[in-house]
Structures are given as structure tokens and as C-alpha cells.
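Going left to right, the sequence shown walks through residues 1421 to 1855 as the numbering used here numbers them.
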Amino acid sequence: MNEPTIEDYYVEDRTFPPSPTFRAAALLGDASHHEEAAADYEAFWARQARELLSWDEDFHTTLDWDLPYAEWFVGGKLNLSANCLDRHVEAGLGDRIAYFWEGEPGDTREITYAQLLDEVCRFANVLRGLGLQKGDRVAIYMPMIPELPVAMLACTRIGVAHSVIFGGFSPDSIVDRCEDAEARLIITADAGYRRGEPSALKVNVDAALEIGAASVEHVVVVNRCDVDVNMVGGRDLWWHDLVADALPDCPAEPMDSEQLLYLLYTSGTTAKPKGIMHTTGGYLTQVAYTHRYTFDLRPDEDVYWCAADIGWVTGHSYIVYGPLANGCTSVMYEGTPDTPRPEFRTGERASWPRDRLWDIIERYGVTQLYTAPTAIRTFMKWGTDDAAAHDLSSLRVLGTVGEPINPEAWMWYHTHIGGSSCPIVDTWWQTETGG
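The structure is reproduced here in C-alpha cells:
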């Protein structure tokens, strides 16, 4: 028998189609959407925009395309926050869970759509009270806590563009992004939990503002870890103090479809980070559509989990805006997968169970899991015992994102996490494409 050549490893022809039962019940069980879009893509996207979103004023032109510029849904007006929150509450879904949130130390919150709307309105009024107005920019440098999507949605409610900065970035990175965006405000936290310990955030903001970013007028700080931080008088403000006095009513302002929604900077691994601008109508149509159909979403019964970080575009689109636009229930987790709940942290760290993800899936009944091939390969190194100790039968769709997945990792994911029955959607994204 001949030894395999390196070319043999490049060829992968195994296929694992969804089961007939899954396909029969799937939202997209055939190629009809592809065929419709191929025949007339403008008509296709106009239909999706009107079916998936609520518009304050209808658009008159689907696409105005003049290379290199494109404008989507010209003449239309809508508010992203209202599409993610108000319309669901008005439809009687206010008691539906928007987020099952779990902090790394084991603290939890169940946040309904009505509660999320209340918090967003209060913080939108805080922003207005600080002088922010339509067209201004705000930087957000926070851990994976509920106040992060609250801050993002509050910005969208009043037409302020946000620029989320990944919580692992340095003071220099904060300065670069704040200066380029001309941010008037930074929203941060004292710290966030990572691998069982507080990871500093406010001190990095302080260091950044000593270097530059002169446009920043205020820093709003969430007290997440109750660690001592320096609060600069006249500049720094506690989140809890501000929202305690804020009114819970803030009407959503209709925005032009092409209103700037957010700036998100490329990683800078190959060149200086570039601020990518995403606007309201086209972006929200795309993420609502792709989230719904890629994951075969049933908002009234599914519990969806994108185990990414909101600091990246995948998190913007598939933790915040796509899931909330579709009115579904999501899981949001603060920490790392190798940090178990405190009651299981006994002995040396090397002896701790590495089952936090599988524990979360079992406890919340997660139906869709979306994670990265790098994470899957890490789970492979840890072995199968931790996953096998949990009931993962609630899962019905798996996803991968962020990089190509190798066949060995795909098969491990399919077999040990998906029970050899869950379809896997292998996706890719760019900051430039919005998800």
C-alpha cells in the first residue's frame, strides 16, 4: 500500500448531509433563496429588508451603486434599537429572555426583552445628559457583561456611533482608536474576570488618556469586580450612579438607512488598524437574515450561543444585533472555557475540570453553538471526558467561525459535541463585511 502524499491531505471529499428529518423541518430546505437572489438580488434583499425589519419610512431605492460607493435602502428610516427591542415588547414578548448571562465567578442574570429595553432607555438618557448627540462617537472598552450590549443599543437609540475596543487591547490601541474616531466618551469597567482573577480595564483607559485621545470628555465606569480604581474628578463617572437617576423612557429616533451605526477597527496585524464604517439599514438586514437562516433559528424555542467576544465583528453581529433583531434567547458568558464554576475549583488549577462550555450548554439547553476552530482544537487536546460528562442533546446546529477548520477538528466537533447528528455550518467573516 502506498504512503499518502501531502496532496492527499489537501483533498477532503467526505460529506455529511443533514438528516432527512432536519431538512424537512428546516427554514431553508432547498436552494430557493439562492435561486431568487441570483435571479434578482435587489428584489431579494428588498423583500428581506421589509419582512425582517420594521421601517419608520419605507425606502424607495434598494441599492444605489456607483463604484466604489454603495447605498442600501435609500430613503428608508428605521431605528436599530427599536428593531431589536421595542417591537418585540410591543408584540407581547417582553417577558421572553433576551440573555442568559453568566459571569465567570458563577453569578448569573436572566434579562428579558422588557428589562433590556428599560436599561437601554435609561443609559440612552444618560448619554444625552452628558451632551452626546446624533453623529457623535463613543468608545466602549468592556468585559463580556450585560452593560456592554446595553451601551451599544443605547448609542443606536439616539444616533451615536459606537466603537467597541476588544478588552485585551493595550493603552496604545485605545489611544489609536479613540483619536481616529474622535470619541467624546469612553465606557469601561473597573475590570473583568478572566481565568478566575480580575483583569484590569480602567487602568488601561487611564494610561491611554495620559498618552492622548484629547477628544474624550468623560469616562463612564461599571463597577464589575469591585476593585480600587482612580476616579478623576470631573471626568470619571460611575455607571450605577448615572442610571439610578435616569428616566426609563427614551423614544427611539428614526435614522436614515445610511446613518453611521458603528466603527470597528481591523486588527492591525498587517498594517495600521483601519476604522470600518457600518451603516444601519443594510447592516441590520444582513445580520438578521444570516443569523436566522444560517442557524435555522426558531426564536420561540431556541437558546442560541455564539461563544465569541463582542469586541470582534462576529460578536457585534451574532451576539448582539442579529439575535436581538430576531427576538431570540441567547447565552452570553464572561470568562474562559477552562475556568469552572467556583464550587469546582479545588486543588491545583491543572486538576480543575475544563467543562464550562459543556456545563453551560446542559444547564441552559443551548440549541445552537457557534465557536472557533482554534477553540475546538483546544477542546480536542483536553480530551472527551469533560464533554461526555454532560448532556449535550439539546444541540441541533453547530457552527464554526474565524478561520478554516481542519478535517480532524471538524470530525471531533461533529462526533463528540454534535452526537454525529448536528449539521455544522462552516462560516467566514471580515470586519469589512459586518459578519
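Idealized CB from N, CA, C, for every residue including glycine.
Put simply, the backbone Cα of A1807 is about 11 Å away from that of G1838.
Counted as a single uninterrupted DSSP element, the beta strand (DSSP E) harbouring Q1788 occupies residues 1788 to 1791. Residue pairing by DSSP places A1490 opposite W1485 in a beta bridge.
Between the C-alpha atoms of H1834 and L1684 there is a straight-line separation of about 32 Å. With respect to the 7 Å criterion, L1473 and N1503 are classified as neighbours on the basis of their beta carbons. A contact between stretches requires three or more CB pairs, one per stretch, nearer than 8 Å, and the segment 1737 to 1745 meets this requirement with the segment 1705 to 1713. Sequence-distant Cβ neighbours of T1749 in its own chain, meaning closer than 6 Å and more than five residues away, are I1517, V1723. Closest in C-alpha terms to R1470, from the list L1629, L1818, G1702, T1608, comes G1702.
In the DSSP assignment, P1618 forms a beta bridge with Y1613.
Secondary structure in the segment 1448 to 1482: the alpha helix (DSSP H) runs of 4 residues or longer, each lying completely within the stretch, are 1452 to 1459, 1461 to 1472 in chain order. D1556 places its beta carbon less than 7 Å from that of R1604. By the neighbour-count criterion, in which 16 or more other beta carbons inside 10 Å mark a residue as buried, S1452 falls on the exposed side.
When secondary structure is reduced to three states using DSSP, M1564 falls in the coil class, being assigned neither helix nor strand.
Taking the Cβ atoms as the reference, G1688 lies roughly 12 Å from I1585, outside the contact range of under 8 Å.
The beta carbon of Y1519 is closer than 7 Å to those of I1531, P1566, S1750, M1752 in its chain, skipping five residues each way along the sequence.
In the structure shown, the three-state DSSP call for S1677 is coil. Going by beta carbons, I1607 and A1574 fall outside the 7 Å limit. Taking a C-beta distance under 7 Å as the contact criterion, F1764 and P1757 do not qualify as a contact pair. Between R1577 and V1540, the beta carbon gap of about 6 Å places them in contact (Cβ cut-off 8 Å). Contact check for H1582 and V1558: beta-carbon distance about 5 Å, within the 8 Å limit, so the pair qualifies.
Around the beta-carbon of K1622, 16 or more other beta-carbon atoms lie within 10 Å, marking it buried. Distances from the CA of A1633 to each of D1648, G1747, R1597 were compared; the closest alpha carbon is that of R1597. Inside the segment 1816 to 1845, DSSP marks whole alpha helix (DSSP H) runs of 4 or more residues at positions 1827 to 1832, from first to last along the chain.
Here the C-alpha atom of V1821 lies approximately 43 Å from the C-alpha atom of G1653.
Taking a C-beta distance under 7 Å as the contact criterion, L1818 and C1842 qualify as a contact pair.
In the three-state scheme derived from DSSP, where H, G and I count as helix and E and B as strand, R1516 is classed as coil.
Between the alpha carbons of P1693 and T1686 lies a distance of about 5 Å. Judged by DSSP secondary structure, H1582 falls within the beta strand (DSSP E) whose first and last residues are 1581 to 1584.
Excluding the 5 residues flanking it on each side, T1481 has same chain C-beta neighbours closer than 7 Å at V1494, G1495, in chain order. For S1750, the enclosing beta strand (DSSP E) starts and ends at 1749 to 1753. In the DSSP assignment, E1524 falls outside any alpha helix (DSSP H), carrying neither H nor E. Annotated as distal: D1610 and V1639, with beta-carbon spacing of 7 Å or more. Judged by DSSP secondary structure, D1648 falls outside any beta strand (DSSP E); it is assigned neither H nor E.
Within the same chain, T1791 come within 6 Å of A1727 by CB-CB distance, once the 5 residues on both sides are set aside.
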